[in-house]
Amino acid sequence: MLQFQNAILEMIARGEELSATIERLCRQVETRIPGIACSVLAVKDGRLFPIAGPSLPEQYSRALTGIAIGPLVGSCGAAAYHGADVAVTDIDRDGRWQHYRHLVTPLGFKACWSTPIFAGNRVVATFAFYFRESRGPSDAEREIVDACVHLCAIAIEREERVSEREQLTYTDALTGLPNRARFNMMLAEQGKGGGKSWGLLLADVDNLKLVNDTFGHAAGDALIQTVARRMAVAIASEKIFRLGGDEFAAILDATEMAALGRHADALIRETKRPAQCDGHVVFPAVTIGGALAGQDMTPGEVQHNADIALYHGKERNRGEYTSYFKGLGTALTRRFRAIRDVGVALSENRIEAHYQPIVRLDTREIVGFEALARMRTSGGELISAAHFHEATLDGHIAAQLTDRMIALVSADMRRWLDMGLPLQHVGINLSAADFRVDDLQGRLCEAFMAAGVPLDHLIIEVTESVYLGKGDHVVADEIKALRSKGLKVALDDFGTGFASLTHLLTVPVDIIKIDKSFIDRLAPPDAAAVIVEGVMAIATKLGIRVVAEGIETERQAEHLQALGCMLGQGYLYSKAVDRHTATDLLATSAQRLEPEQAISDRVKAGA
Ligand code: C2E
Ligand code: CA
Ligand code: CA
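If you want the numbering used here, it's the 1-based position in the sequence shown plus 1214.
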């Protein structure tokens, strides 16, 4: 007996399959007690499932599969039901076998004794002896069954733990959806699908960070759970995966792009409704990118394409679906190269701040500078921002570039103040991505405070598409907060976006910078002059100053003055220059303010 127990325990310890271990146990018992048949049934959710029964015919096991336990469900169903052993000594006559005896009497069995197997206080299985004569168990048999039941309990509990662990390994704890590990497995499976057409959707929850930051992580978790639930409604839950963070994926059967698009639209539609997240009303939105598996494509390539589509969507098409097409990758490659180049330049201190003067059109006196980023190549060549400014679409790089510019500009301004130069304002350009990164306000204020430069010398330049982006009150709120700290806001590239003049009444700005494209078209019969005149009229009423950008000719300067525009910048006056030249320009050509103003500025600067 001991030897037999050890053999079984060893199988359990080795992690052999549960059915193999228990079948071995049954066979051992059957050789020790000739004439009987052993059977072990698992009990799961109140139903029976055969684990082993080596001497019972296959179709008998099949007939028992999934039967609900109950007082009249044979010896095993009753034993599981009562949680106590049931010895039926005469199957032919016992009421508990009335619905099942037709299955066993043809096999020659007359009696059946079943014992429940417990894990804690749960019945997890039953252990049964079938006898060929009408009888109950002997004492010796009871002893053997006691030992067997114990071994079975150990084996089953171990199996449960293993499958629980497996469940954990492949399930996302927050949403209950299959996780990234499962996704990787299923994706690899698609590759072996043998020509079956399929597609991949990658989805990104748009406003998770915002919800986390404003309402807390409980609300963020609730948002993820809501999105997961809704996605599982739109598409079967086993096809949806949570890859982590705000990323989801769906692997779908699809033969054409349009079909994939319909799935994506269903996901977007289903997730869009307002939701309660930890007591806050949130409007969930997802951005989705999708790609179809073409002939001879590896799953990795499909994933790469869907990634490109998603990346593109996040920049241009938030809250919508972007499907992959061939050219999409090239634009992205260009951007990636720019991102990489700027990243390296940042780490090697090859980013410089250059300054383009902003002048009074009538006197040509300098009233301020616009700081423009320049990248010095390792060969010493200077690259203008126009050539790398795609890189600022990447949030990470944008934040680093902005930090570097803030550091350079605040140091230069400190120097000019120390030299007693008549410095009024310097503008720094911010991109949309800057507002998606943490604590812009803190970064700006800290740097200028540390340099001892009062914030009212600082202008932030923001394009209208950033400021007035669809439904993005985050940026507007952040800008309001910054203004309350004393710095000024310029609406950059005015006229190139979609903002109407009436927008100006709703967004607080201090300065409007009219885009070069208008300045280029001032001469009649073009309507640009009329528009500039209109902007001037509204701006004057609202107390907003107007700066004309990209002035290249005297004619343009005269024309602007005739329209009432007082300030401008452009190659006519100066290109962007390095800080040494900027210092000279300040010394020779800057507008001298009234003495009191200059003194009060220096006092504020702590000079
Ligand atoms: P922007 O803010 O509209 O800057 C003005 C651009 O027009 C600058 O190009 C400037 O050199 C150029 N420019 C000025 N006057 C004239 C002119 O008379 N004729 C012509 N043809 N061009 C003129 P730059 O420096 O290449 O900058 C391009 C864009 O890159 C900027 O447009 C701005 O949006 C962005 N940028 C520049 N520096 C930074 C920065 O530090 N951070 C961020 N986020 N973006 C920056
Ligand atoms: Ca600008
Ligand atoms: Ca501009």
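Note that beta-carbon positions come from the ideal geometry of N, C-alpha and C, so glycine has one too.
Per the coordinates, the alpha-carbon of Arg-1549 lies some 6 Å from the alpha-carbon of Ala-1605. In this structure, Ala-1587 sits near Ala-1567, with a CB-CB distance shorter than 8 Å. The Cβ atoms of Ala-1256 and Val-1338 lie closer than 8 Å to each other. Residue environment analysis places Val-1495 among the exposed positions, since fewer than 16 neighbouring C-beta atoms fall within 10 angstroms of its C-beta. The closest heavy atom of ligand 1 lies 7 Å or more from the beta carbon of Glu-1595.
Closest by C-alpha distance to Asp-1467, out of Ala-1480, Gly-1458, Lys-1453, is Lys-1453. Scanning its chain for C-beta atoms nearer than 7 Å, with the 5 sequence neighbours on each side dropped, one finds around Ala-1690 the residues Tyr-1681, Val-1721, in chain order. A check of alpha carbon separations from Asp-1724 across Val-1516, Ser-1451, Gln-1312, Ile-1758 identifies Ile-1758 as the nearest.
The secondary-structure analysis by DSSP pairs Glu-1772 with nothing; it has no beta-bridge partner. In this structure, Gly-1508 lies away from Tyr-1538, with their beta-carbon atoms at least 8 Å apart.
Around the CB of Ser-1269, fewer than 16 other CB atoms lie within 10 Å, so the residue is classed as exposed.
Burial is judged here by how many other beta carbons sit within 10 angstroms of a residue's own beta carbon; Glu-1357 has fewer than 16 and is exposed. The DSSP assignment places complete beta strand (DSSP E) segments of no fewer than 3 residues inside the segment 1330-1378 at 1336-1345, in order along the chain. Residue pairing for Val-1760: DSSP places it in a beta bridge opposite Ile-1726. Just measuring C-alpha positions, the residue of Phe-1429, Leu-1756, Leu-1777 sitting nearest Ile-1745 is Leu-1777. Glu-1678 has its Cβ no nearer than 7 Å to any heavy atom of ligand 2. Ile-1438: member of the alpha helix (DSSP H) spanning 1431-1448, first to last residue.
Around the C-beta of Met-1627, 16 or more other C-beta atoms lie within 10 Å, and the residue is accordingly described as buried.
Short note on Glu-1763: C-beta closer than 7 Å to some heavy atom of ligand 3. Bounds of the alpha helix (DSSP H) holding Ser-1233 are 1232-1246. Put simply, of Val-1287, Glu-1373, Arg-1394 the residue whose alpha carbon is nearest the alpha carbon of Met-1225 is Glu-1373. Looking only at Val-1441, Ile-1449, Leu-1457, the smallest Cα-Cα distance to Thr-1485 is reached by Val-1441. Annotation for Asp-1706 indicates a beta carbon within 7 Å of some heavy atom of ligand 2. Under the three-pair Cβ rule at 8 Å, the segment 1664-1673 counts as touching the segment 1629-1644. Looking from the CA of His-1603, the closest CA among Ser-1645, Arg-1590, Thr-1591 belongs to Ser-1645. By the Cβ test, the segment 1580-1595 is in contact with the segment 1788-1802, since at least three Cβ pairs between them sit closer than 8 Å. The criterion of a C-beta distance shorter than 8 Å is satisfied by Ala-1325 and Val-1302. Judged by beta-carbon spacing, Leu-1391 lies within the 8 Å limit of Ala-1446, meaning their Cβ atoms are closer than that value.
Separation of Ser-1592 and Arg-1379 (C-alpha to C-alpha, rounded to the nearest whole angstrom) is 53 Å. Counting along the chain, Ala-1559 sits inside no beta strand (DSSP E); it lies in the alpha helix (DSSP H) bounded by residues 1542-1561. Boundaries for Arg-1574: no alpha helix (DSSP H) harbours it, while the beta strand (DSSP E) harbouring it runs 1565-1574, taken from the DSSP string. If the five residues before and after Ala-1234 are omitted, its C-beta is found closer than 8 Å to the C-beta atoms of Met-1225, all from its own chain and listed in chain order. Excluding sequence positions up to five before and after His-1526, its CB lies within less than 6 Å of the CB of Thr-1536, Leu-1542, all in the same chain and listed in chain order. Per the C-alpha coordinates, the member of Ile-1565, Gly-1459, Ala-1473, Gly-1434 positioned closest to Asp-1492 is Gly-1434. For Asp-1729, the shortest C-beta to heavy atom distance toward ligand 3 is below 7 Å. Setting aside the 5 residues that flank it on each side, Val-1623 is surrounded in the same chain by Ala-1567, Ala-1585, Val-1640, Ile-1642, each with a C-beta closer than 7 Å to its C-beta; the list follows chain order.
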